[in-house]
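Residue numbers (the working numbering): 292 to 518.
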Amino acid sequence: MSDYADTAAKRFQSAIAEMQKRVGALFVTLRDLPADEIMVQLQALDVRATITGLLEPELARLQASYAAGLELIAPSGVVSGEVLEGLVRMEMQVYVDRIGTTAVELQRLIAQSAIAGMSEADFAASVLKTGMQPYQANALANESLRKYQRVVKDQIAQSAPPDKLYIYEGPNDDKTDDYCLEMLAAGPLTYEQIESQFPGTFTAGGHFNCRHSWEPSVRSDQDKRAA
Ligand SMILES: [Zn+2]
């Protein structure tokens, strides 16, 4: 799982880096123009659409990594293809929205820096501070992938027998928060018990960027086989 979140985060970061490089080139073409001409050109160029277009191949690769990760958790046929496609599309929108926000920030930065006659080196340094830092890209990819996998597991759980047991799994260390500790200590529970005692956690985990999820309890499967 973490391999895959790492891959997704790296793809997303390389997409952002590519975008910053292109913005640097754009800045050079605008810098020596009069201020009003800079504004006219920037407005004529839909930076957001241009950047989203540039990033499409990266997003397609990112999307493929979601589809591949899914095979690990959902045996084919358990969740409908349409549901899965819809889930991946929603997750991709998270990235597109973040890229769009970054594009707007960059557009403003280009306008201000070009009008102020900033040097290419100073502009490049400012660009690195906008957008998404590596740790933020990691957190976003982690959260998105984990949430996506939890939603798929939730779909599977909803069509499982009501007596099936789940156990809260994930690290127990100094970063684990109190709510997650409580669920880790709760032991095996049915889906209905989880929904009443810890509502919403099957799909959301305990909090943003949570490393935990409800997993089918292996013991309950063994008990059933013995019975
Ligand atoms: Zn957690």
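For each residue, glycine too, the CB sits at the ideal point set by N, CA and C. No experiment lies behind these values; they were computed from the predicted model shown.
Supposed close pair residue i, residue j - CB separation, criterion 8 Å
i: residue 369; j: residue 458; result: In fact, because the Cβ distance is near 20 Å, the residues do not count as touching under 8 Å.
i: residue 402; j: residue 310; result: Between residue 310 and residue 402 the Cβ distance is about 17 Å, and since that is not below 8 Å, they are no contact.
i: residue 346; j: residue 306; result: 5 Å
i: residue 386; j: residue 436; result: 11 Å between Cβ atoms; not a contact.
i: residue 453; j: residue 486; result: Not really, about 11 Å apart at Cβ, beyond 8 Å.
i: residue 319; j: residue 411; result: 6 Å
i: residue 456; j: residue 508; result: 4 Å
i: residue 491; j: residue 504; result: Actually they are not in contact, since the Cβ atoms of residue 491 and residue 504 sit about 13 Å apart, beyond 8 Å.
Among the options, nearest to residue i - alpha-carbon criterion
i: residue 502; options: 432, 478, 451 and 479; result: 432
i: residue 325; options: 492, 407 and 462; result: 407
i: residue 480; options: 460, 379 and 391; result: 460
i: residue 298; options: 498, 377 and 357; result: 357
i: residue 391; options: 438, 339, 495 and 442; result: 339
i: residue 333; options: 317, 453 and 410; result: 317
i: residue 442; options: 341, 379, 348 and 303; result: 379
i: residue 430; options: 467, 499, 494 and 470; result: 499
i: residue 388; options: 485, 453, 496 and 350; result: 350
i: residue 506; options: 490, 478 and 487; result: 478
i: residue 374; options: 468, 439, 492 and 490; result: 439
i: residue 397; options: 314, 303, 494 and 304; result: 314
i: residue 323; options: 491, 434, 355 and 405; result: 405
i: residue 348; options: 336, 488, 303 and 335; result: 303
i: residue 424; options: 393, 445, 409 and 400; result: 393
i: residue 395; options: 342, 491, 428 and 495; result: 342
i: residue 445; options: 463, 488 and 493; result: 493
i: residue 414; options: 427, 399 and 428; result: 399
Residue i beta carbon near ligand 3 (any heavy atom closer than 7 Å)
i: residue 436; result: Absence of ligand 3 from the depicted structure is noted, with ligand 1 being the only ligands included.
Legend entry - By C-beta, the residues closer than 5 Å to any heavy atom of ligand 1, given in chain order: 471, 497, 501 and 503
Legend entry - Contact the region 472-480 vs the region 415-430: 3+ CB pairs below 8 Å: no
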